[in-house]
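Written below as structure tokens is the structure these notes are about.
There are 2 protein chains.
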Amino acid sequence: MVNLNKHPENPEEAILKAASEIFIEKGFDGARMQEIADKAGLNKALLHYYYRSKDKLFRAVFNKVFQRLMDGLVSVFEENMPVFDTIRIFFKEHQEVLITYRHLPVFILNELQRDPNIVVDMFNTSRLKKVRNTFFHRIEKEKQEGIIRQSIQPMELFINILSLSVFPYAAKPLITSFIGIDESAFFDMMEARKDGLADFVIQSIKA
Amino acid sequence: MVNLNKHPENPEEAILKAASEIFIEKGFDGARMQEIADKAGLNKALLHYYYRSKDKLFRAVFNKVFQRLMDGLVSVFEENMPVFDTIRIFFKEHQEVLITYRHLPVFILNELQRDPNIVVDMFNTSRLKKVRNTFFHRIEKEKQEGIIRQSIQPMELFINILSLSVFPYAAKPLITSFIGIDESAFFDMMEARKDGLADFVIQSIKA
DNA sequence: GTTAAGTTTAACCAACTGGTCAAAGATAGA
DNA sequence: TCTATCTTTGACCAGTTGGTTAAACTTAAC
Numbered sequence: 218m219v220n221l222n223k224h225p226e227n228p229e230e231a232i233l234k235a236a237s238e239i240f241i242e243k244g245f246d247g248a249r250m251q252e253i254a255d256k257a258g259l260n261k262a263l264l265h266y267y268y269r270s271k272d273k274l275f276r277a278v279f280n281k282v283f284q285r286l287m288d289g290l291v292s293v294f295e296e297n298m299p300v301f302d303t304i305r306i307f308f309k310e311h312q313e314v315l316i317t318y319r320h321l322p323v324f325i326l327n328e329l330q331r332d333p334n335i336v337v338d339m340f341n342t343s344r345l346k347k348v349r350n351t352f353f354h355r356i357e358k359e360k361q362e363g364i365i366r367q368s369i370q371p372m373e374l375f376i377n378i379l380s381l382s383v384f385p386y387a388a389k390p391l392i393t394s395f396i397g398i399d400e401s402a403f404f405d406m407m408e409a410r411k412d413g414l415a416d417f418v419i420q421s422i423k424a
Numbered sequence: 218m219v220n221l222n223k224h225p226e227n228p229e230e231a232i233l234k235a236a237s238e239i240f241i242e243k244g245f246d247g248a249r250m251q252e253i254a255d256k257a258g259l260n261k262a263l264l265h266y267y268y269r270s271k272d273k274l275f276r277a278v279f280n281k282v283f284q285r286l287m288d289g290l291v292s293v294f295e296e297n298m299p300v301f302d303t304i305r306i307f308f309k310e311h312q313e314v315l316i317t318y319r320h321l322p323v324f325i326l327n328e329l330q331r332d333p334n335i336v337v338d339m340f341n342t343s344r345l346k347k348v349r350n351t352f353f354h355r356i357e358k359e360k361q362e363g364i365i366r367q368s369i370q371p372m373e374l375f376i377n378i379l380s381l382s383v384f385p386y387a388a389k390p391l392i393t394s395f396i397g398i399d400e401s402a403f404f405d406m407m408e409a410r411k412d413g414l415a416d417f418v419i420q421s422i423k424a
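Here it is, written out as structure tokens:
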């Protein structure tokens, strides 16, 4: 027989989708199970039927969202190419990820502070290993080739690149208030900044 | 007659202090008025006697904390001295502020996303004006003197410096998990990074 | 069509939450 | 000492919250 449900998706996915939006917008403490149910168009008891508790539902959401962000973040560093190219490509791609999922940085940073354990054994350490074996290794190589300054530390550079890319989006309300611009002007500014960022880093590390 | 209270401070301050700790640790939604009262060693009704509502108490906390962080952040940029000196002093001083108030960045970023209005008319725009008239002006001057590269945009540089300084502290749980170190190793790393940061920026902007 | 398993619902609950209030206690001036 | 004001408290309250449950509904196999 045909599916007579009001909802084309299966409820498990509908719940996860609605929960993602609510949790990301309001955080774990600010989110309400009833609100998630309303957004999914389902009875609240169903959330518990499929995901037992608010905590378990939250973890399902967080894991999915976190993995998504991580993929968009480290994948570029796992490919073997000249460091300057990696940097340019990263900033270009990562800015788009951040614009698409603009609330994710603050959400993840905040929930991670609330409970640092949610991330435990979420990193398959192979991920870092791969970054080490490609990006970090490449840096050392280009240092020997005289392309990159000797004093550059791969891990620090990695953190610097991340900082420059992510922070402005996390601090968007602060920046817009501080320099007195609206949201669209902010994204214009980020768009213009995109090209300059790679230059900023490369200029700093080149020999 | 002598003060027979168990608490040497006046209750208004005791509440604000306890509220600061709880709000910063758990956020507005996660904080409980009873928990704040317990931490202050006072009756819960007193919180409402002095601060009417949870929202008003939160605003009092946020304002104070925010002003404190802002002072430690922009004061260096308001002084007229060579740009490279400003940058070196800023990183050195700001890292100490961040270590002392290590939970503030995420707290402020998060609450600002929850309700961007809490920061409205909190910036006396004179603050930004002063930064413009000193730091930004100085950059333009040093560009003409051939000390700094022509393509450097003052506002972008300002945001970059902030990003490099603040982000690692906001992302501490992420970084420690990702590279598999504990908290003390993280702060050692930040300590070592401190000197390199100024070099990283200066190297990038010098002509 | 009977049955057994999976799915969905409305009604319900105990615990908790921000907030109130009347009364008790402290304080300082007259 | 009396009194008017300010402080402090315990008890209380209405609304909300995550979570439960028994019963109704669907589905598909026989």
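One line per chain: the protein sequences are C and S, in this order.
With our numbering applied, the first sequence has no gaps in its numbers, which climb one by one up to 424 at the end.
With our numbering applied, the second sequence has no gaps in its numbers, which climb one by one up to 424 at the end.
Every residue gets a Cβ at the ideal spot worked out from N, C-alpha and C, and that includes glycine.
As the structure is a computational prediction, the values presented were derived from the model and not from experiment.
Between the C-alpha atoms of K273(S) and H320(S) there is a straight-line separation of about 21 Å. In the three-state reduction of the DSSP assignment, I398(C) falls in the coil class, being assigned neither a helical nor a strand state.
For the pair G258(C) and E328(S), the Cα-to-Cα distance works out to about 29 Å. Straight across, the Cα-Cα distance linking R331(C) with G244(C) is about 10 Å. For chain C, none of the residues of the stretch 283-295 of chain S brings a beta carbon within less than 7 Å of one of its beta carbons. Among the residues of the stretch 379-400 of chain C, those with a Cβ less than 9 Å away from any Cβ of chain S are L379, S380, L381, S382, V383, F384, P385, A387, A388, K389, P390, L391, I392, T393, S394, F395, I396, G397, in the order of the chain. The residue among V300(S), Y266(S), V337(S), G247(S) with its C-alpha nearest the C-alpha of I392(C) is V337(S).
Proximity to D416(C) across F308(C), I335(C), G289(C), N227(C) peaks at F308(C), based on C-alpha coordinates. Shortest Cα-Cα distance from K347(C) to any of E296(C), F240(C), I239(C) involves E296(C). In the structure shown, I369(S) adopts coil according to DSSP, grouped into three states. By the Cβ-count criterion, S270(S) is exposed, with fewer than 16 other Cβ atoms from all chains shown falling within 10 Å of its own Cβ.
Residue-level contact check: I253(S) does not touch chain C, since none of the beta carbons of chain C fall below 9 Å from its beta carbon. If you draw a straight line from the Cα of Q370(C) to the Cα of Y386(C), it is about 25 Å long.
Annotation for N327(S): the continuous alpha helix (DSSP H) segment containing it runs 321-331.
At a cut-off of 9 Å between beta-carbon atoms, G413(C) makes contact with chain S.
Scanning chain S for C-beta atoms nearer than 7 Å to the C-beta of R410(C) yields E373, reported in chain order.
Inside the stretch 236-272 of chain C, DSSP marks whole alpha helix (DSSP H) runs of 4 or more residues at positions 250-257, 261-268, from first to last along the chain. DSSP places D302(C) in the uninterrupted alpha helix (DSSP H) bounded by 300-317.
A residue is called buried once 16 or more other Cβ atoms fall within 10 Å of its Cβ, and Q312(C) is buried on that count.
Here Y268(C) is buried. Its C-beta has 16 or more other C-beta atoms within 10 Å. Secondary structure note for V348(S): its alpha helix (DSSP H) is the uninterrupted segment 343-348.
For K423(C), the pairing in a beta bridge is given by DSSP as I365(C).
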